[in-house]
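Residue numbers (my numbering): 14 to 368.
This report refers to the structure that appears directly beneath it.
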């Protein structure tokens, strides 16, 4: 059982193993319409990847309809050999071996550009539709509105942040810290043009990205050869600078959360691998990717981890060249004054006073 799915092994008499992947049901599960879209998008993504050199499981069957004979929606796929990568337990040599192979996978995906940012949404097709992720869907008046597809990172972040601001205003998100969350995301919305309008690393095209790259999505054998990349349910096409930025597993976590603006040793090696394999453009993306990482982390961050957020946020301000004493209350007071005429902020402040 994973965070989002059950996995049931199907073992055949000839020794072949398949997996049945079934969505978990709990209080935080998305509505059926969205759940089925995400499951279908994962199938479409794996079908596309099966035509590339990226090692992914083969899809044998897929049926999201709960009225099927099984009684639940499911994906039946190949069970790949190997075990999930545990990065913290690897030696430097093992890390380098995995990182070099990751570079090959990035280079392979670079060969498949798309014209828009979104997720695969049609079986056995490369059609790109709305983004398949719970946090990027809105339900209002019993109607589901999904975000995407988009033609630029700026367009995507504007829509994403505006959705978060709307959810805060409607008391559907960040109910424990609505004012703080609103001010943060109102600032991020203002920051979007500064980050993306002069980004020379992008080429106007979009590339497939695995969006949950913590490390356990990588299967390795005992010699640390990559045997598979799994869990593609939230995959989407993204800008070149986002799709080929360092995967989260390579980040120096402690330094990153403390606000450091430099990349770590594993990221440096990753950039070197990409450059040595003939792709200096991808190496440059990794070497200059920290600002985008911070923007992505801050957008929609769980503020229950307040200490973690503060380091990320003031690290973002630092890398943007915004001077300050890293004091939240001072920043908040300035932000309240700066956005005092914002109609949504006024509504949130009234609601906070009423409570």
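The beta carbon of each residue, even a glycine, is placed where N, CA and C say it ideally should be.
Beta-carbon contacts of residue i that lie in its chain and below 6 Å, excluding the five residues immediately before and after
| i | result |
| --- | --- |
| residue 237 | 107, 110 and 111 |
| residue 54 | 132, 133, 134 and 145 |
| residue 215 | 252, 253 and 254 |
| residue 100 | 228 and 262 |
| residue 277 | 265 |
| residue 304 | 332 |
Inter-residue CB distance, residue i and residue j (contact presumed, cutoff 8 Å)
| i | j | result |
| --- | --- | --- |
| residue 295 | residue 123 | 7 Å |
| residue 121 | residue 188 | 43 Å between Cβ atoms; not a contact. |
| residue 283 | residue 259 | 6 Å |
| residue 98 | residue 228 | 5 Å |
| residue 280 | residue 262 | No, residue 280 and residue 262 are not in contact; Cβ-Cβ is about 10 Å, not under 8 Å. |
| residue 119 | residue 257 | 6 Å |
| residue 206 | residue 167 | 7 Å |
| residue 251 | residue 222 | 5 Å |
| residue 233 | residue 92 | Actually they are not in contact, since the Cβ atoms of residue 233 and residue 92 sit about 15 Å apart, beyond 8 Å. |
| residue 78 | residue 86 | 7 Å |
| residue 239 | residue 230 | Actually they are not in contact, since the Cβ atoms of residue 239 and residue 230 sit about 11 Å apart, beyond 8 Å. |
| residue 355 | residue 199 | 7 Å |
| residue 202 | residue 171 | 7 Å |
| residue 286 | residue 113 | 5 Å |
| residue 365 | residue 192 | 6 Å |
| residue 127 | residue 65 | Rounded, the Cβ-Cβ distance is 13 Å, inconsistent with contact. |
Beta-carbon proximity list for residue i, same chain, < 8 Å, skipping 5 on both sides
| i | result |
| --- | --- |
| residue 196 | 345, 348, 349, 352 and 358 |
| residue 44 | 152 and 157 |
| residue 165 | 130, 209 and 252 |
| residue 290 | 116, 117 and 120 |
| residue 42 | 36 and 48 |
Cβ-based neighbour list, residue i, same chain, cut-off 7 Å, excluding 5 preceding and 5 following
| i | result |
| --- | --- |
| residue 360 | 182 |
| residue 46 | 157 |
| residue 19 | 35 and 37 |
| residue 194 | 181, 187 and 316 |
| residue 324 | 270, 271 and 272 |
| residue 341 | 323 |
| residue 288 | 296 |
| residue 80 | none |
| residue 339 | 327 |
Status (buried if at least 16 other CB within 10 Å, exposed otherwise) for residue i
| i | result |
| --- | --- |
| residue 73 | exposed |
| residue 34 | buried |
| residue 90 | buried |
| residue 75 | buried |
| residue 213 | exposed |
| residue 23 | exposed |
| residue 104 | exposed |
| residue 52 | buried |
| residue 25 | exposed |
| residue 71 | exposed |
| residue 264 | buried |
| residue 308 | buried |
| residue 143 | buried |
| residue 17 | buried |
| residue 88 | buried |
| residue 363 | exposed |
| residue 155 | exposed |
| residue 226 | buried |
| residue 15 | exposed |
* Asked: Between the segment 156-171 and the segment 267-278, do at least 3 Cβ pairs fall closer than 8 Å?
  -> no
* Any alpha helix (DSSP H) of 4 or more consecutive residues that is wholly inside the segment 132-173 -> none
* Counting Cβ pairs closer than 8 Å, one from the segment 246-256 and one from the segment 40-59, do we hit at least three? -> yes
* Contiguous alpha helix (DSSP H) assignments of at least 4 residues, all confined to the segment 188-217 -> 191-209
* Kindly confirm or deny that the segment 312-320 and the segment 211-225 touch, where touching means at least three C-beta pairs closer than 8 Å. => no
* Go through the segment 225-251 residue by residue and report every complete run of the beta strand (DSSP E) that reaches 3 residues or more, in order. => 231-233 and 239-242
* Report the residue ranges of all beta strand (DSSP E) runs contained in full by the segment 36-76; include only those spanning at least 3 residues, in chain order. => 72-76
* Taking the runs of the beta strand (DSSP E) that are 3 residues or longer, which of them lie wholly in the segment 14-38? -> 18-24 and 30-36
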